[in-house]
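Residue numbers (the numbering used here), protein chains in the order written: chain A, 3 to 226; chain B, 3 to 226. Even for Gly, the Cβ is constructed at its ideal location relative to N, Cα and C. Predicted model only: the values in this text are computed from it and were never measured.
2 protein chains.
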Amino acid sequence: MTKPSDQTRGGRPVALQPDERAEQRILDAAHTVFVRRGTAGARMQEIAEAAGVNQALLHYYFRSKDRLAEAVFRRAAMQLLPSVIAVLASKADLEEKVTRVVQLELDHLLRTPHLPGYIISELTHHPDRARQFISALTGVTPEHVRPRVLRTLGAQIRQRVRRGSMRPIAPEQFVVNLLALCIFPFAARPMLEVMLGLDHQRFARFVARRRRELAPFFLRALRP
Amino acid sequence: MTKPSDQTRGGRPVALQPDERAEQRILDAAHTVFVRRGTAGARMQEIAEAAGVNQALLHYYFRSKDRLAEAVFRRAAMQLLPSVIAVLASKADLEEKVTRVVQLELDHLLRTPHLPGYIISELTHHPDRARQFISALTGVTPEHVRPRVLRTLGAQIRQRVRRGSMRPIAPEQFVVNLLALCIFPFAARPMLEVMLGLDHQRFARFVARRRRELAPFFLRALRP
DNA sequence: GTCTATATGTTGATAGAC
DNA sequence: GTCTATCAACATATAGAC
């Protein structure tokens, strides 16, 4: 078994080899197809066509559909909450954290609007994905950071509460509320489009407005 | 083609016939399996076993997997926003609407926690579902009601704003924020469980707390 | 209405040439 | 590394007996 990633190329930053480019093209194509159809609904043939290669090559690089799906999911999971955890764990004060998370997340989701639906879909239908999701996160932020995010937030909140400038709120509720307000509109986009009669253009305007108003909305809810 | 629903039984409220009970059992079993595996990942055989019937009977009643999936989705879509639209369209004042929507939705989702993930998954992967979703809604609330929900909410908001007791907010943002805060925790439950280290019991407590605190949280965000 | 048995078409995966 | 050709395993759907 000689997988391309096992080969040594001397470690120098060379231009991508043909094989690497093929592997990358396959991964990108798989991402597109898996996101659109879901893992179970995706067809290896469609991925191969989208990548401009033969179906056998998919197995050459990734061995099975399952492993390919796992590779795609891992990469996608690392994208969903990239900067968010970093921001929440930072030393910035709460107002700034909220404002920056909203901007970062909405800007990012505007570029990859289908990501939330895909992640949610995978996590609900594929039991093992939860483990893979957490290990993908620990690839970005070390294992011990996440519990610390909650403790840090909790400390910041308690400090505010003591000062009388904030209502008490559990840090878990804080995080979930913030993520919900950012992510849900994209995850539920098809539902919202038919419910509210939004076409693509209106949805874009809807999000643009949200980008300005969401952080103030959230922060008002925290006032005493 | 003699479908059981075409048969006349005199219109009197009789006990369910064997056939009806089979059809119902199939629909329930299909719901369970489709929700767990997703439409593409579900197998007719598994549904048949769960319903305690033969696979051929599924086709006898529903003709194809696709039609069965459509029937299941339509029923599920009617469940997701059952009372919510009714409450939002009612004459109650805004505080009461918010409070009641939170209670109704969280209570309902506690009983069917997998519904949001399933609906979102279907809508993102199956393009035609959007049409079916809206027609399922119009089965519950007449077509002309939903635009009126937004107008009604808009009028109530403007009234408050004029009185100085509320910040301006577009009714679309109002509705999406409210739904996001209610539904997202369930749709993203597997993600939140690993991110926040919640087991099932902790998640239940998390939601119980949310049931008390969410409406006040939301209403504070609306204050001037 | 409900079953068993089977046809028919896909799909993921492999073998082997180049 | 990349291709063509092909296999074996399902999964959906139907035929036909009871």
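Can you find a C-beta in chain B that's less than 7 Å from the C-beta of residue i?
i       : result
G40(A)  : yes
T126(A) : yes
S123(A) : yes
K157(A) : Correcting the residue identity first, residue 157(A) is Ala in this sequence and not Lys. By this cut-off, A157(A) is not an interface position.
A17(A)  : Because the pLDDT at A17(A) is just 49, under 50, the model does not fix this residue reliably, and the value given afterwards should be weighed accordingly. So, not an interface residue.
E107(A) : no
F36(A)  : no
P144(A) : no
E48(A)  : no
G43(A)  : yes
E25(A)  : no
From residue i to residue j, what distance separates their C-alpha atoms?
i       : j       : result
H146(B) : L152(B) : 11 Å
F259(A) : Y62(B)  : This structure gives no information on residue 259(A), because the portion of chain A shown stretches from 3 to 226.
V104(B) : R212(A) : 22 Å
F75(B)  : G141(B) : 13 Å
Y120(B) : R165(A) : 43 Å
L71(A)  : P144(B) : The question names Leu, yet the displayed sequence has Ala at residue 71(A). Taking the straight line from one Cα to the other gives about 42 Å.
C184(B) : T41(B)  : 25 Å
A217(B) : P187(B) : 15 Å
R176(B) : F64(A)  : Checking the sequence, you will find Phe at residue 176(B) rather than Arg. Going from the Cα of F176(B) to the Cα of F64(A) covers about 45 Å.
G54(B)  : R77(B)  : 21 Å
L111(B) : E97(A)  : 31 Å
P129(A) : M46(A)  : 22 Å
I136(A) : A88(B)  : 39 Å
T154(A) : R133(A) : 24 Å
Q203(B) : Q57(A)  : 45 Å
E174(A) : P149(B) : 35 Å
Which residue comes first and which comes last in the alpha helix (DSSP H) that contains residue i?
i       : result
V55(B)  : No alpha helix (DSSP H) contains V55(B), which DSSP labels as neither H nor E.
I136(A) : R131 to V142
H127(A) : L117 to H127
D109(A) : L96 to R113
A182(B) : P173 to A189
D68(B)  : K67 to L82
R225(A) : First-last for R225(A): undefined, no H or E at that position.
Is the CB of residue i under 7 Å away from at least one CB in chain A?
i       : result
V178(B) : yes
R160(B) : no
I136(B) : yes
G166(B) : no
Three or more C-beta pairs under 8 Å: does that hold for the region 37-44 of chain A against the region 109-124 of chain A? Short answer: they touch.
May I ask you to list, following chain order, the residues of the region 52-68 of chain A that have a beta carbon less than 8 Å from some beta carbon of chain B? none
Between the region 149-164 of chain B and the region 169-178 of chain A, do three or more beta carbon pairs fall short of 8 Å? no
Counting pairs of beta carbons, one from the region 190-202 of chain A and one from the region 190-199 of chain B, are three or more of them closer than 8 Å? no
Which residues, taken in chain order from the region 72-104 of chain B, show a beta carbon closer than 7 Å to some beta carbon of chain A? none
If contact is defined by three or more beta carbon pairs under 8 Å, each pair taking one atom from either stretch, is the region 122-141 of chain A in contact with the region 175-183 of chain B? no
Sufficient close CB pairs (3 or more, under 8 Å) joining the region 22-34 of chain A to the region 42-57 of chain A: Because the criterion of three Cβ pairs below 8 Å is met, the region 22-34 of chain A and the region 42-57 of chain A touch.
Closer than 9 Å, Cβ to Cβ, to anything on chain B: give me those residues from the region 184-198 of chain A, in chain order. C184, I185, F186, P187, A189, A190, R191, P192, M193, L194, E195, V196, M197 and L198
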